[in-house]
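Q: Numbering (UniProt numbering), first residue to last: 1 to 620.
Ideal placement from N, C-alpha and C gives every residue a C-beta, glycine not left out.
Since we're looking at a predicted model, the values are computed, not measured.
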Amino acid sequence: MKKRRNRGIITSSFKERNVLMIILEHYLRLHIALAKEKKEKVYEVSLSEISKVLYCTARNSKMTINKWEKEGWVEWLPGRGRGNKSRLIFLREPIELIFEESKKHVINGKLETAQQLVDKFNVHYPSLSSIFMRWIDTMFGYKIENREQKQRDVLRMKYDKQPFSPLDPTLATLRSECHILKHVCDTLVDFNEETLVFEPRLAFHWEVNEAGDQWTFYIRKGVKFHNGSSLTAYDIQHSILRFQEIEDSPFQWMLVGLKEAKVIDPHCITLILDKPNFLLLDILSDEHLSIVSRSSAINSYAEQLIGTGPFKLKKNDGSMLVLEANENYFRERPFLDSVEIWNVPEENGDRTPVKNEIKFGYSRYSTDNQVGRSRPQTLIRLEKNVQFLSLNRKKNGPMRDPFLQQAIRMIANSSLLVEELGEFRQENATSFLQPKLCFVREDPKVLLEQSVYNGEELHLYSFQDRDHVEDAHWLKDKFENYGINVTNHFVPAEILLKRETMEKADIVHDSATLTEQEEVSFLQFLLTENSPVYHHLNQKLKRMVFQKVSELKGKTDRKERMGMLQSIEKMLLDACQVVPLYKNLSELHSDEKIQHALINSQGWVDFYRIWFKETTTSVS
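#1: Does the count of Cβ pairs from the segment 198 to 217 and the segment 267 to 277 closer than 8 Å reach three?
#2: Taking the alpha-carbon positions, what's the ARG92 to TRP73 distance?
#3: By how many angstroms is the C-alpha of SER531 removed from the C-alpha of GLU456?
#4: Considering only residues of the segment 460 to 500, which uninterrupted alpha helix (DSSP H) runs meet the minimum length of 4 residues and lie entirely inside it, listed in chain order?
#5: Could you pull the start and end residues of the alpha helix (DSSP H) that MET63 belongs to?
#6: Indicate whether LEU447 and ALA407 have their beta-carbon atoms separated by less than 7 Å.
#7: Secondary structure at GLY372, three-state DSSP: helix, strand or coil?
#8: Counting C-beta neighbours from all protein chains within 10 Å, is the total for GLU518 16 or more, i.e. buried, or is it exposed?
#9: Report yes or no: do the segment 121 to 129 and the segment 58 to 72 share at least 3 C-beta pairs separated by less than 8 Å?
#10: Please return the same chain residues whose Cβ sits closer than 8 Å to the Cβ of LEU537, not counting the five positions on each side in sequence.
#11: Can you grab the Cα-Cα spacing for the pair GLU207 / ARG561, in whole Å?
#12: Chain C beta carbons: is any one of them nearer than 7 Å to that of VAL386?
#13: If the criterion is Cβ atoms closer than 7 Å, does the pair TYR453 and LEU404 meet it?
#14: Is the Cβ-Cβ distance between residue 621 and MET399 less than 7 Å?
#15: Can you find the residues in the same chain that come closer than 8 Å, C-beta to C-beta, to ILE23, ignoring five residues on each side of it along the sequence?
#16: In the DSSP output, what is CYS268 paired with across the bridge?
#17: Can you check whether the CB of ALA493 is closer than 7 Å to the CB of HIS459?
#18: For the alpha helix (DSSP H) that contains SER230, what are its first and last residues?
#19: Can you tell me whether THR195 is buried or exposed? The criterion is at least 16 other CB atoms within 10 Å of its CB, across all chains shown.
#20: Counting C-beta neighbours from all protein chains within 10 Å, is the total for residue 621 16 or more, i.e. buried, or is it exposed?
#21: Under a three-way DSSP split, which group does GLN426 fall into?
#22: In the DSSP assignment, find the alpha helix (DSSP H) that holds VAL520 and state where it starts and stops.
#23: Please confirm whether any heavy atom of the ligand MN lies closer than 6 Å to the CB of MET562.
#24: Please work out which residues of its chain come closer than 8 Å, Cβ to Cβ, to ALA429, disregarding the five sequence neighbours upstream and downstream, and give them in chain order.
#25: Quick one: give me the first and last residue of the alpha helix (DSSP H) that PHE546 is part of.
#26: Here's the rule I'm using: 16 or more other beta-carbon atoms within 10 Å means buried, otherwise exposed. How should ARG201 be labelled?
#27: Buried or exposed: where does TRP604 fall if 16 or more other Cβ atoms within 10 Å of its Cβ makes it buried?
#28: Nearest CA to the CA of residue 631: which residue from ASN60, SER290 and LYS41?
#29: Where ASN108 and PHE132 are concerned, what is the direct C-alpha to C-alpha distance, given to the nearest angstrom?
#30: If you count every other CB in all the chains shown that lies within 10 Å of the CB of TYR43, and 16 or more means buried, which is it?
#31: Just mark SER462 as buried or exposed, buried being the case when its beta carbon has 16 or more other beta carbons within 10 Å.
#32: Looking only at C-alpha atoms, which of ASP574, VAL339 and ALA172 sits nearest to ARG441?
#33: Please list the segments of the alpha helix (DSSP H) lying wholly inside the segment 270 to 297, counting only runs of 4 or more residues, in order along the chain.
#34: Would PHE164 be called buried (16 or more neighbouring beta carbons within 10 Å of its own) or exposed?
#35: In this structure, does DSSP put LYS312 in helix, strand or coil?
#36: By DSSP, does ILE610 sit in helix, in strand, or in coil?
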C-alpha cells in the first residue's frame, strides 16, 4: 500500500507541475499581449478578448483566471452590466514567475528545461537571462546540502564547453571525457603520477615472461560493478575484445600485436602478444582500456556506462553530468557524495575561463540558504599539454614545399605569441618531450622567395574555444604580414577531429594531451587516428615512425625508449611536420578547507581524493 501511495503522490505532483506550466504560459501570453498597448498593472478587458489571446473558449478562459486568482497572480473584477468590461489586475511580475519556475526546474535536475523556459521569454523580458545566470552562479562550488534529513557533500561545477559525450572508453577523445572515465571505471593497473610507478588496481599482481610477450594478471575477488555484478577475468576479456573489435575507435594502435586474451580461471587472465611489448603496463593503465561489465553490453555508453570506479554515472543528458559516490567501492569510499558538472554557456559566448581557472567556491547550502565563508586559496600548475600546429605535408599544393613549411614555422613565433596574447599562455614551447630546443632562425621573406608559394589560399582549422580563436586570429595576422593568404575555420571538436576535415585542412591548430606517462601520451599524439599529425604524415615519414615505435616496444629500459621517442620527435620538428606553440597555466581557486584539490596533468582535479575539513551539518 505504501509503495502504491508513493507512486500516486509522484504522479499527482507531476500533473500539478504540468498544469502550473500551462497556466503560467497563458499568464505570460496575456501579459505580453496587453503590455503591447500600454504597460500598467490594471487593464480593462473582456472575457472574449482574453479568449482570443489564449486561443480557448470563454469557459476555459474563466477557469484559467480562477487558477491565476488561486495562485495569487491576479485580481479579477467582472464588469457589471452589458458592454462594461472587466478589470484584470496583474499582481505578480511575469519575470518573477518565470524565474521562480526556472529555479524549480534546476533544483529538480532539469537544467535544460529551465534554460529553454528562460530563452523562450528572454526576448520579451531582456533582463531575465542575466537574473537567471546570476542565480545559477550561486549554485556552484562545494555545498553541504540537507535533503530528506540526510547530509550530502556536493561539488558542483560550471562547464561551458561541449557536453560529455561519448563516454565510451574506446571512443573518448577530449580531456574532459577521459577525466570522467577515470572516476567511473578502473583499469587493470594504475600509474601513480606522483611516484611515477605502476600500482595494483583491478589486478593485484602481474607477471611477465622473460621474452616479454606473455603477461599474466591476477584479478581481485569481491569487486562489484555499479550494477551489482561481480568482476571476473571474463569482464577483462570482454573489455579487451570489445576494444579490438570497435571499428570507429581511433585508438586501435594500443593493442596492435595482441593475439589472445586467454582466461585461465575466473580471476586470472593471460595476454599473449606476437612480439615483446614492454609498454603494455602503460597501455593497460590508460583510461581507454577501462574495464566495463560484460553483463551490461550496450551500443552506447554515453549515459549508461557501468564500471567499478569510485563514482557511478547517474546522469549525462547534455545539460549536466552527475556522478554519485559508489558506496561499495573496493578501495576507500570517496568523501564527496556527488559531483555535478552543469553545461552552462557563458553569456558573452566566451568558452575559455581566464587562465584556465577551475573555481570551487566554498559555501554551505541548506533549505534556509545559510552560507558559510572562509579564505580562498590558489593552486597553480603549468600543464604538460602543448598547443601546436600540424602542417598537412601530404596534401597536394604549396604545403608540400619545404621552404613554405619553414617560413610558417618562423612566422608562428611562439615566444612572441605568448608575449603578445598572454593570460593563461604561460610558457612558449619548442618541444613536446625535451627541454628548450634551439634552432636557427631564418628570414621568412627569404624562405618565401625560395618557395613555390604564389598567394594560394591556405585553410587553418581550429576549435571554437576562445583561446584557439585568439591564437588563430593572431597567426592569420602574422601570416598575412608576409603575404601568406590564410582563412580561419572554427568548428566543434567532433567536426575538427573527422578524417575529412583534417585531410582538407592545410594547417590544424590543436593541443597535445601529454601526461606524466610521457611515452604512451606522446604515442597517442602520433598514432591516434583522430590526431591531425597521424593524417598529415606523408607515407615515407609514417613508415619511419611506425618502424621506430615497433622497435622501442621491445626495449625494457625506459631511458632507451625515451631516447628513441625523442629521435622521432626531432625528425618531426626538423621536417616542420609540427610546430609547438605554448603550454597553458592552470589555476584552481578554492577554499583553505579544501584538501587534496590537486590539479592533474590534464588540468582537472581528482574528485576521488578531494575532501573538506569542515563538515558541520547545516541547519535545515
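A: On the basis of the coordinates in this document:
#1: Result yes; three or more Cβ-Cβ pairs closer than 8 Å.
#2: Here the question's residue 92 lines up with position 92 in the sequence shown. Here the question's residue 73 lines up with position 73 in the sequence shown. Those two C-alpha atoms are separated by around 5 Å.
#3: Mapped onto the sequence shown, residue 456 falls at position 456. Mapped onto the sequence shown, residue 531 falls at position 531. Each residue's alpha carbon lies about 25 Å from the other.
#4: Listed in chain order, they are 466 to 481 and 493 to 496.
#5: Locating residue 63 in the sequence shown gives position 63, where the first residue counts as 1. Segment 58 to 71, the alpha helix (DSSP H) holding MET63.
#6: Along the sequence shown, one-based indexing puts residue 447 at 447. Along the sequence shown, one-based indexing puts residue 407 at 407. Cβ distance < 7 Å, so LEU447 and ALA407 count as in contact.
#7: Here residue 372 is taken as the residue at index 372 of the sequence shown, counted from 1. The predicted position of GLY372 is uncertain, since its pLDDT is 44 and thus under 50; no value can be drawn from it.
#8: Locating residue 518 in the sequence shown gives position 518, counting from the first residue. So GLU518 counts as buried.
#9: no
#10: Along the sequence shown, read from residue 1 onward, the residue named residue 537 stands at position 537. Correct list, in chain order: ARG393, LYS394, VAL545 and GLN577.
#11: For the purposes of this step, residue 207 is identified with residue 207 of the sequence shown, where counting begins at 1. For the purposes of this step, residue 561 is identified with residue 561 of the sequence shown, where counting begins at 1. Taking the straight line joining both Cα atoms gives about 21 Å.
#12: Here chain C cannot be found, since the structure has a single protein chain.
#13: Residue numbering aside, residue 453 sits at position 453 when the sequence shown is read from its first letter. Residue numbering aside, residue 404 sits at position 404 when the sequence shown is read from its first letter. Yes, they are a contact pair.
#14: No information on residue 621 is available, as it lies outside the stretch 1 to 620 that the chain covers here.
#15: In the sequence shown, the residue the question calls residue 23 occupies position 23. Hits under 8 Å: THR64, LYS67, TRP68 and GLU71.
#16: Here residue 268 refers to the residue found at position 268 of the sequence shown. For CYS268, DSSP records a beta bridge to TYR218 and ASP265.
#17: Looking up residue 459 in the sequence shown gives position 459. Looking up residue 493 in the sequence shown gives position 493. Cβ atoms of HIS459 and ALA493: not closer than 7 Å.
#18: What you label residue 230 is simply residue 230 of the sequence shown in a count that begins at 1. Here SER230 belongs to no alpha helix (DSSP H), and DSSP marks it neither H nor E.
#19: Sequence index remark: in the sequence shown, residue 195 carries index 195 (1-based). Exposed, because fewer than 16 other Cβ atoms sit within 10 Å of the Cβ of THR195.
#20: Residue 621 lies beyond the stretch modelled for the chain, which goes from 1 to 620, so this question has no answer here.
#21: Position 426 of the sequence shown holds residue 426. Strand.
#22: In the sequence shown, the residue the question calls residue 520 occupies position 520. Residues 518 to 527.
#23: Because no ligand of any kind appears in the structure shown, any question about the ligand MN cannot be addressed here.
#24: Position 429 of the sequence shown, counted from the first residue, corresponds to residue 429. Closer than 8 Å at Cβ, skipping near neighbours: VAL386, GLN387, PHE388, SER414, PRO580, LEU581, TYR582 and LYS583.
#25: Translated into the one-based positions of the sequence shown, residue 546 becomes position 546. First-last of the alpha helix (DSSP H) with PHE546: 539 to 553.
#26: Within the sequence shown, the letter at position 201 stands for residue 201. Classification for ARG201: buried.
#27: For this step, residue 604 is matched to residue 604 along the sequence shown. Classification for TRP604: buried.
#28: With the chain running from 1 to 620 in the structure shown, residue 631 is simply not present.
#29: Start at 1 with the first residue of the sequence shown, and residue 108 comes out as number 108. Start at 1 with the first residue of the sequence shown, and residue 132 comes out as number 132. ASN108 and PHE132: Cα-Cα distance of roughly 16 Å.
#30: Counted from its first residue, the sequence shown places residue 43 at position 43. By the 10 Å Cβ count, TYR43 comes out buried.
#31: Counting from one through the sequence shown, the residue named residue 462 turns up at place 462. Flag for SER462 reads buried.
#32: By one-based count along the sequence shown, residue 441 stands at place 441. Of ASP574, VAL339 and ALA172, the residue nearest in Cα terms is ASP574.
#33: 280 to 284
#34: Here the question's residue 164 lines up with position 164 in the sequence shown. With 16 or more Cβ atoms within 10 Å of its Cβ, PHE164 is classed as buried.
#35: Within the sequence shown, residue 312 is the residue found at index 312, counting from 1. If DSSP states are grouped into helix, strand and coil, LYS312 belongs with the strands.
#36: In the sequence shown, counting from the first residue as 1, residue 610 sits at position 610. Residue state, collapsed to three classes: coil.
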